[in-house]
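K.L.:
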DNA sequence: CAGGATATGTGCAGAGACTGCATTTTTGCA
DNA sequence: TGCAAAAATGCAGTCTCTGCACATATCCTG
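Protein chains in written order, with the numbering used here: chain A, 1 to 209; chain B, 210 to 418.
(1) Check for me: the alpha helix (DSSP H) holding residue 272 of chain B runs from which residue to which?
(2) So the alpha helix (DSSP H) residue 84 of chain A belongs to, where does it begin and stop?
(3) Under 7 Å Cβ to Cβ from residue 172 of chain A, same chain only, skipping five residues before and after it: list those, please.
(4) For a contact defined as C-beta to C-beta under 7 Å, what are the partners of residue 126 of chain A on chain B?
(5) 8 Å is my cut-off, CB to CB: does residue 385 of chain B come that close to chain A?
(6) Report, in whole angstroms, the separation of the C-beta atoms of residue 261 of chain A and residue 121 of chain A, which I expect to be a contact under 8 Å.
(7) Does the segment 160 to 170 of chain A come close enough to the segment 347 to 364 of chain B to have 3 or more Cβ pairs within less than 8 Å?
(8) For residue 236 of chain B, which residues from the same chain have a beta carbon less than 7 Å from its beta carbon, with the 5 sequence-adjacent residues on both sides left out?
(9) Rounded to the nearest angstrom, what separates residue 88 of chain A and residue 106 of chain A at their Cα positions?
(10) Could you name the residues of chain B that residue 163 of chain A contacts, counting a contact when the two beta carbons are closer than 8 Å?
(11) Could you pull out every unbroken alpha helix (DSSP H) segment of at least 4 residues lying fully inside the segment 277 to 350 of chain B, listed in chain order?
(12) Counting only beta-carbon separations shorter than 8 Å, does residue 358 of chain B have a partner in chain A?
(13) Please report the straight-line C-alpha distance between residue 227 of chain B and residue 220 of chain B, rounded to a whole angstrom.
(14) Shorter than 8 Å from the beta carbon of residue 250 of chain B to some beta carbon of chain A?
(15) If you check the beta carbons only, do residue 309 of chain B and residue 281 of chain B fall under 8 Å apart?
(16) Would residue 263 of chain B and residue 217 of chain B qualify as a contact pair, given that the criterion is a beta-carbon distance under 8 Å?
(17) Taking a contact to mean a Cβ-Cβ separation below 8 Å, would you say residue 389 of chain B touches residue 348 of chain B in this structure?
(18) Output needed for residue 20 of chain A: all residues of its chain with C-beta closer than 8 Å, excluding positions within five of it in sequence on either side, in chain order.
(19) Nearest to residue 74 of chain A by alpha carbon, out of A/39, A/92, A/83?
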């Protein structure tokens, strides 16, 4: 199934999670910069050298599950009917993912705080988002059947991610006053009219409205 | 005028530029990672320690004039008539800046290459763009007279930058087939219908409440 | 269940970015 | 010219991250 093997994998996962937990705690207590990898490894009962076989960099500790998230979005996008306009599909996919975020508002806020105080982590976050943009963009290229030279998919991807980011930020700083999916959908709608026109596969510009 | 003093400032500028030049050259010849700060400093006739009084990090070397660019955008934005919709103003401002970019396509391409191969530089680039987003967002808040809780300015800023980034990338990878300002304006137009509705100061489209 | 194949953990040595501090050199100016 | 501010430099040290050799744990096959 989703379990390739037994003990070995289990331990690996276990240690990885332990490293994350210890790190988050130390980061919050002493600050990101003041926390050394040596301390983190010690806290997780591992040798410093071993840390780097779990995380490539210290930054990655904070953003461990990003790849999962990306796959989540792409899956959600695949689940949308093909006759739906790309923009509407993005809207729905991001709203669905936004719902996931609701469940872990706390964890997100902790990260957000660390990121806000640590340029390198923040930068790493953006960098990961850029890989999302790339992946999303390719995905949309297929969906739209556009050729590689067409900037439209990239534009759509970049815009959708910008919407998500802006919504997320607003949501976190506003103490989650409005549900995130609502914010996301609202933002998508604000931009929707123009984009539906260009991203509707059937060409009949009638979708969100 | 803009010259606070004579020789001292002059030398400082000189050395800064020399560091940049040497660095770019070495980066291209030996690769970013293989080039040490010691080498760069030596090439510019300075002590290694001195490097850090000119650039905070190695990354910054590649992205030296970013702050200037930001100011350029904000100035251009200020120059737009106040009865113009925010989106149209952004369109015009970015198109104007895009024209600047045309003049230095070569330099941009060199940077682009370095960034494409070096995650940390790329990340730093994104990080700087995030500060732009912040600044732009505040600027727009004033222009629109919206209150701090309104996500619209941030959404506008994020989207505009996404447009610029996507256009720039497309422009560089397509060998500058189409003039950048044209690409930028076209992309803005693709998104424009929905955004004009919300970002029109005249308020015809029931702005953000 | 033995025992080799393989994955994983660990210690060591070291490169290289970056910092704080004390000191020297350069430049601006009275 | 000579003094004060600014800039350059040297030095010691911290920390992240890497390569390599070796130890240990896990798995799998016979």
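A virtual CB, placed ideally from N, CA and C, is assigned to each residue, including glycine.
This structure is a prediction, so every number in the text was calculated from the model and none was measured.
P.N.:
Well, looking at it:
(1) Segment: none, residue 272 of chain B is in no alpha helix (DSSP H) and carries neither H nor E.
(2) No alpha helix (DSSP H) holds residue 84 of chain A; DSSP gives it neither H nor E.
(3) 108, 109, 112
(4) 332, 335, 336, 339
(5) no
(6) Since the first and last residues shown for chain A are 1 and 209, residue 261 of chain A lies out of range.
(7) yes
(8) 244, 323
(9) 29 Å
(10) 364, 367, 368
(11) 295 to 312, 314 to 326
(12) yes
(13) 10 Å
(14) no
(15) yes
(16) no
(17) no
(18) 61, 64
(19) A/92
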